[in-house]
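Worksheet: the structure to be examined is printed underneath.
Protein chains: 2
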Amino acid sequence: MQSYTEENYLKTIYHLAEKTINVQTNAIAEQMQTKPASVTDMIKKLADKGLIDYIKYQGVTLTETGKNTAIDIVRKHRLWEVFLVDKLNFKWDEVHDVAEELEHIKSVELIERLDEFLGFPKADPHGDPIPDKNGRFAKTQFIKLIELKVGDSGTITGVSQHSSPFLKHLEKLGLTLGKQIQVSDVTDFDGSVEIRLSDKQVNISREVAKHILISSNGKN
Amino acid sequence: MQSYTEENYLKTIYHLAEKTINVQTNAIAEQMQTKPASVTDMIKKLADKGLIDYIKYQGVTLTETGKNTAIDIVRKHRLWEVFLVDKLNFKWDEVHDVAEELEHIKSVELIERLDEFLGFPKADPHGDPIPDKNGRFAKTQFIKLIELKVGDSGTITGVSQHSSPFLKHLEKLGLTLGKQIQVSDVTDFDGSVEIRLSDKQVNISREVAKHILISSNGKN
DNA sequence: AATAATTTTTAGATTTACCTAAAAATAAAA
DNA sequence: TTTTATTTTTAGGTAAATCTAAAAATTATT
């Protein structure tokens, strides 16, 4: 049984571990909006509980138990996001903070029933995969929009940035999940990308294109 | 902004204040499963925050602000209970502990949308009234089943005990909310009560009869 | 390889919500 | 109206999660 705080540390370490093998103290501190000294205290505690492997000055990795716990929190977070969007009509940019709280409610029964109520969704409103109750989920094989060449097409299936301003921006442009797109041009000058949608044409910056994930349906 | 613990104290004081005018330290301690010394610490803090009025050795009463806060927590608790029963198919004896956690999620938007999603319910699965978003709710005018005379009839509209064994017991007997009942006999020996239901006859102890609430539809 | 810069850890405090044990106030009983 | 019992508060301490400031280890740079 972990505290609210311990759960947040595990989740943060899990997400950081998707990018780097060994997760550094400073990286955790930045993500958790706290000080490195506090992180050191906590990772000692998590190591004592067998949730992470920790070598002084060398960063941490999740143990099997730690990873399972983290995945379970991610599962809860994403299921609650689906609930908020599908059932309570929240927009995709409004759900993160509330889900951040809801993910800590401790009841296996609750989550299993919620999962069923929602129709066992495979992805959350941002396209991130939802682990099943055994922690299994398909490794998503997305390409960043920025990597597409002129003429390439595909479907928007995710985003790698969850901030409200970014998501609102996409919404305004009509770049929402499930939309079919084709890259019609890439500007030499600033690297901005022109996108053809079924009904219109939009121009997005390199920065935005980096954070849109595409499931490609064949190069042209 | 209150902590999880402060919210629980306010809620406890609110419920105790339904029975006694001045709420005693020991009563709070018993309800919160903590020690009187800890209660004293906390009520000082709540008094400093202007949520309760407190005179040493004389117990506490909620201020207007404190009462509003407490009612808001009660509202959340009861709405979540409706959600769990109506949408996730929990039984009425299984919802209390989970709702106890869910009630602390801080998002006005969430609760308003949940309320709407549930169809603005007026009562929770145990018949307790749900305050609206302004904290208003009808004072329920129930009679305890034990107070009915032989021949009196009415509808089961609430319970004054939320423990799982008690609720399971009622369920087994078919004494659930909305059921029409008539008192057909009261035993002199042990005060147990014989109840006529539409399709059967059941016998309940005095103790059980004390905790069933009836909205009377006229004496016989 | 020595020095500088960065990262991480230790040491010592703080805050919140508890606790125990003892003292003080209030209420009940002789 | 004393004495006794009960209730409540104070005093002093603990554990969790945080902090600042300073020391130690690691990494990068000349």
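As you go down the protein sequences, you meet chains A and B in turn. Once you know that position 54 of the first sequence is 42 in our numbering, the rest is easy, because the numbers rise by one and skip nothing. Once you know that position 28 of the second sequence is 16 in our numbering, the rest is easy, because the numbers rise by one and skip nothing. Don't be surprised by glycine CBs; every beta carbon is placed ideally from N, CA and C.
Query: Contacting positions in the region 100 to 134 of chain B - beta carbon closer than 9 Å to chain A; Result: R101, L102, E104, F105
Query: C-alpha gap between B/V73 and B/L(-2), whole angstroms; Result: 26 Å
Query: Given A/K132 as reference, the closest of A/I144, A/F177, A/D187, A/G139 once Cα atoms are compared; Result: A/I144
Query: Cutoff 8 Å: A/K64 Cβ touching any chain B Cβ; Result: no
Query: Per DSSP, cross-strand counterpart(s) of A/Y45; Result: Its beta-bridge partners do not exist; DSSP assigns none.
Query: Residues that B/Q170 bridges to, as DSSP identifies them; Result: B/S141, B/R184
Query: Length of the line joining the Cα atoms of B/V190 and B/Q170; Result: 11 Å
Query: Presumed contact (8 Å Cβ cut-off) between B/P113 and B/E69, rounded CB distance; Result: 5 Å
Query: Residue environment, A/K207, which counts as buried when at least 16 other CB atoms sit within 10 Å; Result: Note that A/K207 scores 45 on pLDDT, short of 50, meaning its location in the model is unreliable and no value can be drawn from it.
Query: Whether A/D138 touches A/S172 by CB criterion (8 Å); Result: Inspection of the sequence shows that residue 138 of chain A is occupied by Val rather than by Asp. Yes, Cβ-Cβ distance for A/V138 and A/S172 is below 8 Å.
Query: Pick from A/L106, A/A197, A/S148, A/E100 that is closest to A/G115, judged by C-alpha positions; Result: A/S148
Query: Residue-level contact to chain B via CB, A/V209, 8 Å cutoff; Result: Nothing can be reported for residue 209 of chain A, as the shown portion of chain A is limited to -11 through 208.
Query: B/P153 in three-state terms, based on DSSP; Result: helix
Query: Extent of the continuous beta strand (DSSP E) run through A/L201; Result: 200 to 204
Query: Backbone secondary structure at A/V86 - three-state DSSP; Result: helix
Query: Near-chain B residues of the region 50 to 81 of chain A - C-beta to any C-beta below 9 Å; Result: L72, K75, L76, N77, F78
Query: Span of the alpha helix (DSSP H) around B/N56; Result: 52 to 70
Query: Residue-chain proximity (B/E89, chain A), Cβ-Cβ < 8 Å; Result: yes
Query: DSSP bridge partner residues for B/Q189 (one or two, in chain order); Result: B/R184
Query: Length of the line joining the Cα atoms of A/L90 and B/E89; Result: 9 Å
Query: Through-space distance from A/I43 to A/Q19, alpha-carbon basis; Result: 20 Å
Query: Boundaries (first-last residue) of the alpha helix (DSSP H) holding B/E5; Result: The sequence given here has Ala at residue 5 of chain B, not Glu. Here the alpha helix (DSSP H) through B/A5 covers -8 to 5.
Query: Cβ neighbour criterion (16 or more within 10 Å) applied to A/M30; Result: buried
Query: Spatial neighbours of A/D81 in its chain, beta-carbon cut-off 6 Å, leaving aside the 5 residues before and after; Result: S152, L155, K156
Query: Selected residue, minimal CA-CA separation from B/I202, among B/I134, B/K110, B/T(-7), B/E195; Result: B/I134
Query: Cβ-Cβ separation, A/N14 to A/G123 (assumed contact under 8 Å), whole Å; Result: In fact, because the Cβ distance is near 28 Å, the residues do not count as touching under 8 Å.
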